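Each remark here refers to the structure printed beneath this line.
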Amino acid sequence: MRFAHLRVEGQTTPRLAVVVNDEALFLDEVMSTPPRDLQDLIERGQEGLAEVQEVVDTALAIDADLPLVADLRHSSAVLRPAQVIAIGANYAAHASELKLRSETAMTIFSLWPNSLSGHGATTSWPEDLTTQVDYEAELGVIMGRPARNVHVREALDYVWGYTVVNDITARDLQFSEAQWSRCKSFDGFTPTGPVVVTADEIADPQDLWLTTNVDGRILQDASTSEMVRSVADIIANLSRSATIPPGTLISTGSPGGAGYSRNPQVFLHDGATVTVSIGGIGSLTTHCRVV
Ligand code: MG
């Protein structure tokens, strides 16, 4: 199944919907005790998911008249995540182009929840704080149950679903400050979505294709098979020191092609449109404003 937080134009509260083909089934219209958002659904476990599958099957069976997703607004595909953990330098090409080390310990940092935004949103930043805002297409992993000391062979059993993340980064701050959380956590710097796809629909998370398109130019084009540490490796490794709670979003790093490392350099500018896509999940667009 595919889930999104959607709003009817003019409304402010996002509502959890199942996306079926191009249409949205709002769960608060068909369930007596609907989950308030994806986090709530994840916390209901397998039973909660089975209940949703039942209402979807019923709606399809009666050919219910559903709104088109294209006529709705997206909020972040994850809301209220337990935490957002990001992995840096997880593709050799990206690590070397930014002169980061990938061969020793994992690079791990937090993204602050204020940075989450949805497909089609506009992200803005002040020109007097950064002039080097860059894109990073990443596979997002959403955890389904508490993971602690998980073996790499079982690690994918703990995954609830997958999404697309753009780990937008102020490079000038990244290279002038010791920690990476702030330079990647401006308001709107972590678009996710447009949907979360449940894990059963992704046969192999190491066999997905990522692309980044800025104003019609393809600037990143790579496979998740190129990760230094696989999704299972990352989960197993993180779970050795900390319990990873359900609903945690893990952004797994970006491949080569970052704008900072191009010659000439490419940065997101006022009026730019950036779309990061992952085959089998979807395309996530962000509009850029410099203020
Ligand atoms: Mg990144």
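Just so we're aligned, residue 9 is where the sequence shown starts under our numbering, counting upward by one. Note that CB positions come from ideal geometry on N, CA and C, so glycine has one too. Here the structure is a predicted model, which means the values were calculated and not measured.
> Does the separation of the CB atoms of L108 and L218 fall below 9 Å?
Replying inline: By 1-based counting over the sequence shown, the position of residue 108 is 100. By 1-based counting over the sequence shown, the position of residue 218 is 210. Against a cut-off of 9 Å, the Cβ pair of L218 and L108 comes out as no contact.
>> Distance check for A163 and T177, CA to CA, integer angstroms please.
In response: Residue numbering aside, residue 177 sits at position 169 when the sequence shown is read from its first letter. Residue numbering aside, residue 163 sits at position 155 when the sequence shown is read from its first letter. Those two C-alpha atoms are separated by around 29 Å.
>> Can you determine whether any heavy atom of ligand 3 sits closer than 8 Å to the C-beta of K192, and answer yes or no?
In response: In the structure shown, ligand 3 is absent; the only ligands present are ligand 1.
>> Report the start-end ranges of each beta strand (DSSP E) in the region 145-225 that is 3 residues or longer and not cut off at the edges.
In response: 145-151, 167-174, 204-206, 217-222, all fully within the region 145-225.
> Just to confirm, are N221 and S262 a CB contact at a threshold of 9 Å?
Replying inline: Counting from one through the sequence shown, the residue named residue 221 turns up at place 213. Counting from one through the sequence shown, the residue named residue 262 turns up at place 254. It is not a contact, given that the beta carbons lie outside the stated cut-off.
> If you draw a straight line from the C-alpha of H159 to the C-alpha of D73, how long is it?
Replying inline: Within the sequence shown, the letter at position 151 stands for residue 159. Within the sequence shown, the letter at position 65 stands for residue 73. Distance between the alpha carbons of H159 and D73 is about 45 Å.
>> Measuring only the C-alpha atoms, how far is V299 from D165?
In response: Taking the sequence shown and counting its residues from 1, the one referred to as residue 299 is at position 291. Taking the sequence shown and counting its residues from 1, the one referred to as residue 165 is at position 157. Straight-line Cα distance between these residues: approximately 44 Å.
>> Rounded to whole angstroms, what is the Cα-Cα separation between Y268 and D180?
In response: As a working note, residue 268 is residue 260 in the sequence shown. As a working note, residue 180 is residue 172 in the sequence shown. CA-CA distance, Y268 to D180, rounds to 10 Å.
> Does the beta-carbon of G287 have 16 or more other beta-carbons within 10 angstroms, so that it is buried, or is it exposed?
Replying inline: Taking the first residue of the sequence shown as 1, we reach residue 287 at position 279. By the neighbour-count criterion, in which 16 or more other beta carbons inside 10 Å mark a residue as buried, G287 falls on the exposed side.
>> What does the Cβ neighbour count give for F197, buried or exposed, with the cut at 16 atoms within 10 Å?
In response: As a position in the sequence shown, residue 197 is number 189, starting the count at 1. Buried is the call here.
>> Just to confirm, is the Cβ distance from T138 to H295 under 9 Å?
In response: Along the sequence shown, one-based indexing puts residue 138 at 130. Along the sequence shown, one-based indexing puts residue 295 at 287. No, Cβ-Cβ distance for T138 and H295 is not below 9 Å.
> Looking at the structure shown, is D142 part of a helix, part of a strand, or coil, going by DSSP?
Replying inline: For the purposes of this step, residue 142 is identified with residue 134 of the sequence shown, where counting begins at 1. Here DSSP, grouped into helix, strand and coil, assigns D142 to strand.
> If F118 and V92 are in contact, beta carbons under 8 Å, what's the gap, nearest whole angstrom?
Replying inline: Translated into positions along the sequence shown, residue 118 becomes position 110. Translated into positions along the sequence shown, residue 92 becomes position 84. Rather than Phe, the amino acid found at residue 118 in this sequence is Ser. Taking the Cβ atoms as the reference, S118 lies roughly 6 Å from V92, within the contact range of under 8 Å.
>> My output table needs one value for Q61: the three-state DSSP class, helix, strand or coil.
In response: For the purposes of this step, residue 61 is taken as residue 53 along the sequence shown, with counting starting at 1. Helix at Q61.
> What whole-angstrom Cβ distance do I258 and V149 have, given they're in contact under 8 Å?
Replying inline: In the sequence shown, counting from the first residue as 1, residue 258 sits at position 250. In the sequence shown, counting from the first residue as 1, residue 149 sits at position 141. Yes, I258 and V149 are in contact; Cβ-Cβ is about 4 Å, under 8 Å.
> What's the gap between the Cα of D212 and the Cα of P272?
Replying inline: Looking up residue 212 in the sequence shown gives position 204. Looking up residue 272 in the sequence shown gives position 264. Cα-Cα distance, rounded: 35 Å.
> How is D30 classed by DSSP in three states: helix, strand or coil?
Replying inline: Working through the sequence shown from its first residue, we reach residue 30 at position 22. Collapsing the DSSP output to three states places D30 in coil.
> What is the DSSP secondary structure of Q228, counted as helix, strand or coil?
Replying inline: Working through the sequence shown from its first residue, we reach residue 228 at position 220. Correct three-state label for Q228: strand.
> Using CA coordinates, which residue listed in A67, R270, G152, R88 is at the minimum distance from S123?
Replying inline: On the sequence shown, position 115 is the one that residue 123 refers to. For the residues A67, R270, G152, R88, the minimum Cα distance to S123 belongs to R88.
>> Just to confirm my understanding: we take L276, look at its own chain, exclude 5 residues before and 5 after, and list those with CB closer than 8 Å. What are they?
In response: Here residue 276 refers to the residue found at position 268 when the sequence shown is read from its first residue. Answer for L276: V141, D142, Y143, I176, V222, G267, V282, C296, listed in chain order.
>> If we require 3 or more residues per run, which beta strand (DSSP E) segments fall completely within the region 67-114?
In response: Within the region 67-114, the complete beta strand (DSSP E) runs of at least 3 residues are 80-82, 92-96.
> To which residues of the same chain is E105 closer than 7 Å at the C-beta, ignoring the five residues directly before and after it?
Replying inline: Translated into positions along the sequence shown, residue 105 becomes position 97. Once the five neighbours on either side are set aside, the close Cβ partners of E105 are G264, A266, S269.
> Start and end of the alpha helix (DSSP H) containing V236?
Replying inline: Your numbering for residue 236 matches position 228 in the sequence shown. Boundaries for V236: no alpha helix (DSSP H) harbours it, and the DSSP string shows neither H nor E there.
>> Quick check: does the Cβ of A100 come within less than 8 Å of any heavy atom belonging to ligand 1?
In response: Residue 100 sits at position 92 when you count from the first residue of the sequence shown. Because no heavy atom of ligand 1 lies under 8 Å away, the Cβ of A100 does not count as near it: no.
> Cβ of S259 within 8 Å of any heavy atom in ligand 1?
Replying inline: The residue you call residue 259 lines up with position 251 of the sequence shown. Correct: S259 has its Cβ closer than 8 Å to ligand 1.
>> With a threshold of 6 Å on Cβ separation, who are the neighbours of F194 within its own chain once the five nearest residues in sequence on each side are excluded?
In response: The sequence position of residue 194 within the sequence shown is 186, counting from 1. The residues are W133.
>> What residue range does the alpha helix (DSSP H) around I301 cover?
In response: In the structure as shown, the chain begins at 9 and stops at 299. Residue 301 is therefore absent and cannot be evaluated.
>> From the DSSP secondary-structure annotation, give me the bridge partner or partners of H295.
In response: What you label residue 295 is simply residue 287 of the sequence shown in a count that begins at 1. Per DSSP, the beta-bridge partners of H295 are T130, T281.
>> What does the alpha-carbon distance come out to for the pair S238 and M151?
In response: As a position in the sequence shown, residue 238 is number 230, starting the count at 1. As a position in the sequence shown, residue 151 is number 143, starting the count at 1. Whole-angstrom Cα-Cα distance: 15 Å.
> In this structure, does DSSP put A244 in helix, strand or coil?
Replying inline: Translated into positions along the sequence shown, residue 244 becomes position 236. Three-state DSSP puts A244 in a helix.
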